[in-house]
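Residue numbers (numbering that gives the first Met the number 0): 0 to 64. Glycine included, C-beta positions come from ideal geometry on N, C-alpha and C. As the structure is a computational prediction, the values presented were derived from the model and not from experiment.
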Amino acid sequence: MIGGYVLRGLVTFLVWALILELITLIYLASTERVVSVEGAVTLVLTVATALALALAIRLVRKELS
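What follows is the structure, encoded as structure tokens:
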């Protein structure tokens, strides 16, 4: 049961990270801004982590109620 939550959380994190990374790269390319890639990747991973954690908390609350 816990393994399912871990797997679902990992997949969710990866999907959000890929989507946000694509959006960020498209935005940076369209505005022609010079931003460090490391900064953009760090921002994307932080947001993806927050979204995955929020989803995990929601799923656990739903399962416990």
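Expected contact under 8 Å - CB spacing of residue i and residue j to nearest Å
i	j	result
Phe12	Thr41	The Cβ separation is near 15 Å, so there is no contact.
Ala55	Gly3	About 11 Å; that fails the 8 Å criterion.
Limits of the unbroken alpha helix (DSSP H) element including residue i
i	result
Glu62	36-63
Per-residue DSSP class, three states only, for residue i
i	result
Glu20	helix
Among the options, the one whose alpha carbon lies nearest that of residue i
i	options	result
Ala39	Leu9, Ala16, Gly3, Lys61	Ala16
Glu37	Thr23, Glu31, Gly2	Thr23
Leu50	Lys61, Gly3, Tyr26, Leu19	Leu19
Val10	Leu52, Leu27, Val59, Leu21	Leu52
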